[in-house]
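This note's numbering puts the first residue of the sequence shown at 132, with every later residue one more than the last. Working notes, beginning with the structure itself.
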Amino acid sequence: YVNLIRKIPQREHVIILVQSFFQNVAWQYDVIDNSKFCDELSNWNHISSTTLNQGPENLSVSTRAFPALLLQVLALALQFHPDQNDEALEGLKYAPDIDFADLAADYSNVGHQVASMLGSKDISLTKVQAGLMEAFFEEIIGSFIESWHTFGRAIPDAQELGLHRSRVWETSPCAENVMQTPAFPLERKLWLVLHLWDAHMAVVLARPITTKLDSSSVPSTSLIATSPPHGFDDATLSPFDIIVCGYHAAYKYLQDIHDLEVENRDAQETVQKIHNAVINNISKLPARATSSSPALDGKYPWLPAARETLITEVYFFLLALHRPFISTLPASRAEAHMAALKMLASQSRLFEQAGTQLYKGFALVFSTLNAMVLVTATYIQAQDDNLNLQAESVKRLEWGLARLDAMRSRNSMAGFAYDVVKVLFQKMLSRFSSPDPSTLRINKPETSFRAVETLSWDHISQAGPDL
Numbered sequence: 132y133v134n135l136i137r138k139i140p141q142r143e144h145v146i147i148l149v150q151s152f153f154q155n156v157a158w159q160y161d162v163i164d165n166s167k168f169c170d171e172l173s174n175w176n177h178i179s180s181t182t183l184n185q186g187p188e189n190l191s192v193s194t195r196a197f198p199a200l201l202l203q204v205l206a207l208a209l210q211f212h213p214d215q216n217d218e219a220l221e222g223l224k225y226a227p228d229i230d231f232a233d234l235a236a237d238y239s240n241v242g243h244q245v246a247s248m249l250g251s252k253d254i255s256l257t258k259v260q261a262g263l264m265e266a267f268f269e270e271i272i273g274s275f276i277e278s279w280h281t282f283g284r285a286i287p288d289a290q291e292l293g294l295h296r297s298r299v300w301e302t303s304p305c306a307e308n309v310m311q312t313p314a315f316p317l318e319r320k321l322w323l324v325l326h327l328w329d330a331h332m333a334v335v336l337a338r339p340i341t342t343k344l345d346s347s348s349v350p351s352t353s354l355i356a357t358s359p360p361h362g363f364d365d366a367t368l369s370p371f372d373i374i375v376c377g378y379h380a381a382y383k384y385l386q387d388i389h390d391l392e393v394e395n396r397d398a399q400e401t402v403q404k405i406h407n408a409v410i411n412n413i414s415k416l417p418a419r420a421t422s423s424s425p426a427l428d429g430k431y432p433w434l435p436a437a438r439e440t441l442i443t444e445v446y447f448f449l450l451a452l453h454r455p456f457i458s459t460l461p462a463s464r465a466e467a468h469m470a471a472l473k474m475l476a477s478q479s480r481l482f483e484q485a486g487t488q489l490y491k492g493f494a495l496v497f498s499t500l501n502a503m504v505l506v507t508a509t510y511i512q513a514q515d516d517n518l519n520l521q522a523e524s525v526k527r528l529e530w531g532l533a534r535l536d537a538m539r540s541r542n543s544m545a546g547f548a549y550d551v552v553k554v555l556f557q558k559m560l561s562r563f564s565s566p567d568p569s570t571l572r573i574n575k576p577e578t579s580f581r582a583v584e585t586l587s588w589d590h591i592s593q594a595g596p597d598l
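Laid out in structure tokens, this is it:
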């Protein structure tokens, strides 16, 4: 333990990276409070070397895990740092041929080792935070299997602390006024994020959902619960308010999507009910969560990216809702297609706003790829559908390819995604211009849709060395 914590960099570098983390990264999950973290960092820095050399047994349970969290924070900060040639951080490099990505992997690995040394009696909220940040880091570098396993270890730790129990959600804090959003204690934040990640990956990977959350127990933020006067741009917002907006609009139905049985004759009716509910919820989202506001965007630099992430995710939900039925139901094909175009439009805006620091992220590639595969697969196998959307679809696909091409030098998964979609896009265009009527009809659409999606995911999985 002592040897590992000695690998934490010098304080001046830590200060720069912690500031960078809260400016560029923390908003994505909002489970680490800036003020509280800095207090914990200050306390850590004031622990004497004599105490540290006596080992972790002389530290509080939460303090023992703090180095694991700190190292993951440093890793993520380096991964998303806007200036990849920041001279103030050059002193971190221990060899001339390494870059910030190498250092980030080193710090994350050391953080993992620290967390692995903690026993069953050393579980704390700090350890759960460290596990979630480690899984986040592994996800963005393409180590999906490791990320899934790390995430899987964080859930039992959270359950050991009782975060899944109803008592955590029994008392809903009230806003003091319309400008003050309700407080979400750390316990609630962690369990909601863990549940959403669990449910999302279960839907994507067709795996069991291991967490539960009663949607009626999740309070709305004042962003949803109140209607401020016109021009009211002084609201106090947090990134978690945007996450909660998405939860009440769509994410709370992830369990319902997961439980759908495609062969059940009532499934189509269930899909339509969920679809109608989500569309209604989207229409009720506050403008501050869906439309730009110069005053708020200037006050909260993270808000434009968080807003587009919300829009992308709610439409990804609709895509996932209809995807099992696109081979058999033209209506679901049309709805999934429209959702994919909404995702691509949102991703275009996010790409323009975010800058190069988000190029290494997982979300831009994953969301763009999902939407583009859906659109190309639709036109390859049923090109007579959605003819009114053909021009917009081609434009969105061209822009999506340009985005992936721009990111590929910083993100290997973007390069693989580009190669996959380029092939599908060219095949789609050939279907539009083919003079042979036999190429315009597929006898077994279900098999064909699955084949196209399987091919694309088999190829993209090669981007991660562990898949």
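Ideal placement from N, C-alpha and C gives every residue a C-beta, glycine not left out. Note that the coordinates shown come from a computational prediction; the quantities given were computed from them, not determined experimentally.
Which residue wins for smallest C-alpha separation from residue i, given the options the options?
i	options	result
valine 241	Leu450, Val445, Phe197, Ile276	Phe197
serine 151	Thr401, Ile457, Cys169, Lys138	Cys169
alanine 537	Arg527, Leu528, Tyr549, Lys526	Tyr549
glutamate 400	Leu460, Leu450, Gln386, Gly486	Leu460
alanine 208	Ile271, Ser166, Thr194	Ile271
lysine 167	Glu301, Leu200, Pro140	Leu200
alanine 462	Cys376, Val402, Ser424, Ala436	Val402
arginine 195	Leu520, Gln386, Thr257, Ala451	Thr257
alanine 437	Pro417, Tyr225, Ile373	Ile373
isoleucine 163	Glu318, Ser278, Leu449, Gly273	Glu318
glutamine 141	Gln159, Leu172, Gly492	Leu172
leucine 368	Asp428, Leu385, Asn519, Lys404	Asp428
alanine 157	Gln203, Asn174, Leu183	Gln203
alanine 261	Gly283, Thr487, Gly492	Gly283
alanine 333	Gln386, Leu294, Gly293, Ala381	Gln386
asparagine 407	His453, Asp390, Ser274, Lys430	His453
leucine 205	Leu475, Ala330, Asp233, Ala380	Asp233
proline 455	Ala219, Asp390, Leu475, Leu518	Asp390
Would you identify the three-state DSSP class for residue i, choosing helix, strand or coil?
i	result
arginine 539	coil
lysine 343	coil
threonine 459	coil
valine 393	coil
serine 564	helix
asparagine 216	coil
aspartate 288	helix
arginine 454	helix
lysine 138	coil
serine 151	helix
glutamine 185	coil
glycine 242	helix
phenylalanine 275	helix
To the nearest angstrom, how far is it from the Cα of residue i to the Cα of residue j?
i	j	result
glutamate 269	phenylalanine 153	19 Å
isoleucine 229	glutamine 215	12 Å
leucine 263	glutamate 466	33 Å
leucine 327	threonine 342	9 Å
valine 552	arginine 534	12 Å
valine 149	phenylalanine 231	15 Å
alanine 398	glutamate 392	6 Å
proline 227	histidine 144	18 Å
phenylalanine 556	lysine 526	11 Å
alanine 266	alanine 420	27 Å
valine 554	leucine 532	11 Å
asparagine 395	tyrosine 132	54 Å
proline 417	isoleucine 388	25 Å
histidine 243	threonine 281	9 Å
proline 425	proline 339	42 Å
lysine 383	leucine 294	18 Å
For residue i, I'd like the list of residues in its chain whose CB is within less than 7 Å of its CB, leaving aside the five on either flank, ordered along the chain.
i	result
serine 479	Trp530
arginine 464	Ile457, Thr509, Ala513, Asp516
phenylalanine 371	Asp161, Phe315, Lys320
serine 423	Pro435
tyrosine 104	The structure shown does not extend to residue 104, since the chain is modelled only from 132 through 598, so no value can be given for it.
leucine 441	Ile373, Cys376, Gly377, Ala420
glycine 492	Ile271
So, at 6 Å on beta carbons, what are the nonlocal neighbours of residue i in its own chain, with the 5 sequence-adjacent residues on each side left out?
i	result
valine 259	Ala285, Asp288, Ala289, Leu321
glutamate 291	Ile254
leucine 344	His326
lysine 138	Val241
Skipping 5 residues on each side, what residues in its chain have a beta carbon closer than 8 Å to that of residue i?
i	result
arginine 296	none
valine 335	Ala451
tyrosine 378	Leu323, Leu327, Ser346, Val349
glutamate 439	Ser477, Gln478, Arg480, Leu481, Gln484
Beta-carbon of residue i versus every beta-carbon of chain E: anything under 7 Å?
i	result
tyrosine 431	In summary, chain E is missing from the structure at hand, where a single protein chain is found.
- Query: Do the region 505 to 522 and the region 551 to 566 touch if we need at least three Cβ pairs shorter than 8 Å?
  - Reply: yes
- Determine, using beta-carbon pairs with one atom in the region 490 to 507 and one in the region 453 to 472, whether at least three such pairs fall under 8 Å. yes
- Message: Pairs of beta-carbons, one from the region 162 to 182 and one from the region 223 to 237, closer than 8 Å: are there three or more?
- Response: no
- Taking one C-beta from the region 433 to 450 and one from the region 398 to 418 each time, how about it: are there three or more such pairs within less than 8 Å? yes
- Message: When you compare the region 488 to 498 with the region 523 to 543, are there three or more beta-carbon pairs, one atom per stretch, that lie closer than 8 Å?
- Response: yes
- Given 8 Å, three or more beta-carbon pairs between the region 183 to 203 and the region 247 to 257: yes
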